[in-house]
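Here the protein sequences come in this chain order: U and F.
Here this note's numbering is used: position 156 in the first sequence is 156, and no number is missing along the way.
In this note's numbering, each residue carries its 1-based index in the second sequence increased by 1000.
Read through the structure below, which is laid out as structure tokens, and then see the notes.
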Amino acid sequence: MKHTISVIVENKPGVLHRVVGLFSRRGFNIDSLAVGTTEKPEISRITIVAKGDDQTLEQITKQLYKQIDVLKVFDIPENEAVERELALIKVKADKNNQKEIIKLAEDFNSRVANVADNSLTLEVCLETENLENLEKLLKKYGILEMVRTGKIALGKTTP
Amino acid sequence: MEILGSQALIESLKKEGVEIIFGYPGGTVMPIYDILFHEKSIKHILTRHEQGAAHAADGYARVSGKVGVCIGTSGPGATNLITGIANAYMDSIPMVAITGQVATALIGRDSFQEADVTGITQPITKHNYLVRNVEDIPRVVKEAFHIARTGRPSPVVIDIAKDALMSKTKFKYPDKINLPGYNPTYIGHPKQIKAAAKMISIAQRPVIYAGGGIIASGAAKELTEFAKKANIPVTTTLMGLGAFPETDPLALNMLGMHGTAYANYAVQECDLLIAIGARFDDRVTGHLPSFAPKAKHIHIDIDPAEIGKNVRVDVPIVGDVKQVLSELTAKIDFKKEKHEAWLRQIDEWKKKCPLSYKKTGKIKPQYVVEMIDEVTKGNAIICTEVGQHQMWAAQYFKFTKPRMWVSSGGLGTMGYGFPASIGAQFANPKATVFDIAGDGSIQMNIQEMITAVTHKLPIKIAVLNNCFLGMVRQWQELLYEKRYSSTNLCNNPDLCKIAEAYGAASMRITRPEDVKKALEKAMKITDRPVLMDFVVAKEENVFPFVPPGQAINEMLVD
């Protein structure tokens, strides 16, 4: 089962290492990881998407709490959160299909970030599932390069 | 007035009440040693290997209950401490390990004697620090000691860059600690305690399974009161030896892989298992799904992460076991006849399958342990290395008081006992301190003999010498068809000569009738360590033995 885990940490050296180390030691595979500051500069939020059973997740949550620099840990249930992932996708494009690709991007609320002679770079900010749907559709044109930030999420209500 | 970072470090240690440091100098910690040169109120004990320093600090902590402190230089000094830090981490021993680090400008350039100490120690510490700025030293020391000794005790590493030690700062020791992410729970939830009390009141066949948490929390008295009031038998883990007097009729002694048969039977048959400050280690549970199959579980521990880690728990209580136990004792009723049938059954098991060994012409290692118990009247601090001798010490010495047992439980570190006995003797200079050792283990840190000799420590080293790496040999005999691969130590050096070379006393004992006399003679040596080389039966096995992966009642008994 996939889980989105938010870890609120003090912005101190080594804290990311500690958090990630715990996941690998417990055999919990991290699908994606996004780290950034929050509304308070001394606090960071690490958003982790990982697969694992509930018991392992509970153990990881407890182990995370044991870290001195970890302030809060929560598992964000899918339908109670706003979730987004940003991707930059460079697609092979020529004069013949450029318009078609731009139309497709627009259908997915995305936009063109750069136009080159034989490629388009799209800026995509979607829920992970939609992002992956778009990726599938773009494959037929040829994806030259892609980068994803990993999912970020916030609970819909105040925790 | 401004002082050097190294001075600020020592002043901070003094504020934390540190009286003794075990360590080894080197390039990056020279500023600290320069301060220690004149320092009167902190004693520095030079070991001969950093591993010895870490184990000595650990042994000191186990006996005194205080935070043990050790120092090593950057690079190899720090990596030599690692085994000792990991050992303390596995057994929840409070320790602060101070390591030098290369100067900040050199960090990350593969400089001479540079190692990423905070990276390396991350999974074996409760917390660690890399101090780059001199003004952080007092705060970091304050936090480190607070973290090490509160909640679930553990080691903390402070890695300090050399330039921070050599810069000047205004020294002000902080009054307060600001660690918003660290709030251990001490008070057990009253609702949970009530639920536990109810479960205890209806149990027919309860067993208390007590671990090292009792010792750490100082709850031996509370445990005894609880067990006696509720009339419940008590089994202890290796780490819990001394938490409950083994001379008490309710004592089941140790459980698990080399536990007593009656402890293991009791756990397998009980309808309520009350785990207190214990962590369901695999050496205790054997095959996990078959462990205590008929029991409901109450689990009391200060570390929430221990609850539900290995077994499902019906009533978890997170809190300091001392506090929880006294609350719980107050909430249970006392009826003398309670659990009568159950205790009768246990007595039958005790009579039918006591700990036993066959006496032959050779010295039996178990006999040596029994004689140590007799000669010291049970009043000795027993340190051990790791292996067969450790299990025999655990089985045949009757532990009655906490902090008298110093043994590497979780990590199982050969070479732990002797340096730990040095720390133990410093923690309690008047006590009789034994290191019960094997001929394999004693050679792993034998260089510390000179540390003990230098400080005239009258440590009694009882080597149960069977010319084998005995525990591995036992497994090879029972599980690998006697293929004694790399376990024969027939080319051992003369251990007595080694001891003498260092300036210690020595004896070689080859006949059973000389065992007691030798021990009595050793007790009279008070100005230096004495190594007793007991030449024991070579292929003696530790029984009971639960083969790995089996349920704990499926044990081999001979």
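We put the CB at the ideal spot given by N, CA and C, even for glycine.
Nearest-angstrom Cα separation, counted from residue j out to residue i
| i | j | result |
| --- | --- | --- |
| aspartate 1558 of chain F | arginine 1152 of chain F | 38 angstroms |
| valine 1368 of chain F | cysteine 1353 of chain F | 21 angstroms |
| methionine 1199 of chain F | leucine 1272 of chain F | 8 angstroms |
| aspartate 1320 of chain F | lysine 1294 of chain F | 27 angstroms |
| asparagine 1379 of chain F | aspartate 1373 of chain F | 8 angstroms |
| alanine 1105 of chain F | alanine 1161 of chain F | 9 angstroms |
| proline 1180 of chain F | lysine 51 of chain U | 29 angstroms |
| threonine 1360 of chain F | phenylalanine 1418 of chain F | 29 angstroms |
| lysine 90 of chain U | valine 1117 of chain F | 41 angstroms |
| alanine 1518 of chain F | tyrosine 1396 of chain F | 19 angstroms |
| methionine 1444 of chain F | threonine 1413 of chain F | 10 angstroms |
| threonine 121 of chain U | isoleucine 1147 of chain F | 50 angstroms |
| lysine 1043 of chain F | asparagine 1553 of chain F | 49 angstroms |
| tyrosine 1186 of chain F | cysteine 1496 of chain F | 49 angstroms |
| lysine 156 of chain U | glutamate 80 of chain U | 6 angstroms |
| threonine 1099 of chain F | glutamate 1385 of chain F | 26 angstroms |
| isoleucine 1020 of chain F | serine 1041 of chain F | 9 angstroms |
| tyrosine 1262 of chain F | leucine 1252 of chain F | 7 angstroms |
| lysine 136 of chain U | valine 115 of chain U | 21 angstroms |
Cβ-based burial, residue i [other Cβ within 10 Å; buried from 16]
| i | result |
| --- | --- |
| proline 1544 of chain F | buried |
| methionine 1001 of chain F | exposed |
| threonine 4 of chain U | buried |
| tyrosine 1480 of chain F | exposed |
| glutamine 1204 of chain F | exposed |
| aspartate 1494 of chain F | exposed |
| methionine 1 of chain U | exposed |
| isoleucine 1177 of chain F | exposed |
| cysteine 1270 of chain F | buried |
| phenylalanine 1037 of chain F | exposed |
| glycine 36 of chain U | exposed |
| glycine 1188 of chain F | buried |
| serine 1486 of chain F | exposed |
| aspartate 1091 of chain F | buried |
| lysine 1364 of chain F | buried |
Contacting residues, own chain, Cβ-Cβ under 7 angstroms from residue i (five flanking each side not counted)
| i | result |
| --- | --- |
| proline 1076 of chain F | Gln1113 |
| aspartate 1058 of chain F | Gly1068, Gly1084, Asn1087, Ala1088, Ile1093, Met1095, Ala1420, Gly1423 |
| phenylalanine 1145 of chain F | Glu1016, Val1067, Val1096 |
| leucine 131 of chain U | Glu85, Ala87, Val124 |
| histidine 1287 of chain F | Gly1549, Gln1550, Ala1551 |
| glutamate 1050 of chain F | Tyr1024, Gly1072, Gly1077, Asn1080, Leu1081 |
| valine 147 of chain U | Ala87, Leu88 |
| methionine 1555 of chain F | Ala1261, Asn1264, Pro1544, Phe1545, Val1546 |
Close beta carbons around residue i, own chain, < 6 angstroms, minus the five adjacent residues each side
| i | result |
| --- | --- |
| threonine 1526 of chain F | Pro1458 |
Contacting residues, own chain, Cβ-Cβ under 8 angstroms from residue i (five flanking each side not counted)
| i | result |
| --- | --- |
| serine 1201 of chain F | Ile1332, Asp1333 |
| alanine 1164 of chain F | Gly1005, Thr1104, Val1131, Arg1132, Asn1133, Val1134, Asp1136, Ile1137 |
| leucine 138 of chain U | Ile89, Val91, Ile101, Leu104, Leu122 |
| glutamate 42 of chain U | Glu10, Asn11 |
Beta-carbon proximity check, residue i vs residue j, cutoff 9 angstroms
| i | j | result |
| --- | --- | --- |
| proline 1184 of chain F | alanine 1097 of chain F | no |
| arginine 1139 of chain F | proline 1174 of chain F | yes |
| valine 1406 of chain F | isoleucine 1382 of chain F | yes |
| methionine 1449 of chain F | isoleucine 1498 of chain F | yes |
| threonine 56 of chain U | glycine 27 of chain U | yes |
| arginine 1283 of chain F | aspartate 1301 of chain F | no |
| asparagine 1465 of chain F | aspartate 1439 of chain F | yes |
| isoleucine 48 of chain U | valine 7 of chain U | yes |
| proline 1304 of chain F | glutamine 1192 of chain F | no |
| leucine 1250 of chain F | lysine 1228 of chain F | yes |
| valine 1463 of chain F | phenylalanine 1534 of chain F | yes |
| methionine 1532 of chain F | serine 1506 of chain F | yes |
| alanine 1219 of chain F | isoleucine 1307 of chain F | no |
| alanine 93 of chain U | serine 110 of chain U | no |
| leucine 1343 of chain F | asparagine 1231 of chain F | yes |
| histidine 1127 of chain F | isoleucine 60 of chain U | no |
| alanine 1393 of chain F | alanine 1452 of chain F | no |
| threonine 1235 of chain F | glycine 1212 of chain F | no |
Min CB distance residue i to chain A below 9 angstroms
| i | result |
| --- | --- |
| histidine 1127 of chain F | This model lacks chain A altogether; the protein chains it does include are U and F. |
Any non-hydrogen atom of the ligand SAM within 8 angstroms of residue i CB
| i | result |
| --- | --- |
| lysine 40 of chain U | No copy of the ligand SAM occurs in the structure displayed, which carries no ligand at all. |
**Q.** Contacting positions in the stretch 1175 to 1192 of chain F - beta carbon closer than 8 angstroms to chain U
**A.** Leu1179, Pro1180, Gly1181, Tyr1182
Q: Residues of the stretch 1329 to 1356 of chain F with a CB closer than 7 angstroms to any CB of chain U: list them in chain order, please.
A: none
Q. Which residues, in order along the stretch 9 to 25 of chain U, keep a beta-carbon less than 9 angstroms from a beta-carbon of chain F?
A. Val9, Glu10, Pro13, Gly14, His17, Arg18, Gly21, Leu22, Arg25
Q) Going along the chain, which residues of the stretch 56 to 71 of chain U sit with their C-beta nearer than 8 angstroms to a C-beta in chain F? A) If the cut-off is 8 angstroms between Cβ atoms, the stretch 56 to 71 of chain U has Glu58, Gln59, Lys62, Gln63, Tyr65, Lys66, Gln67, Ile68, Asp69, Val70, Leu71 near chain F.
Q: Please name the residues in the stretch 1289 to 1305 of chain F whose beta-carbon is closer than 9 angstroms to at least one beta-carbon of chain U, in chain order.
A: Asp1303, Pro1304, Ala1305
Q: Name, going along the chain, the residues of the stretch 1107 to 1120 of chain F whose beta-carbon falls closer than 9 angstroms to a beta-carbon of chain U.
A: Thr1118, Gly1119
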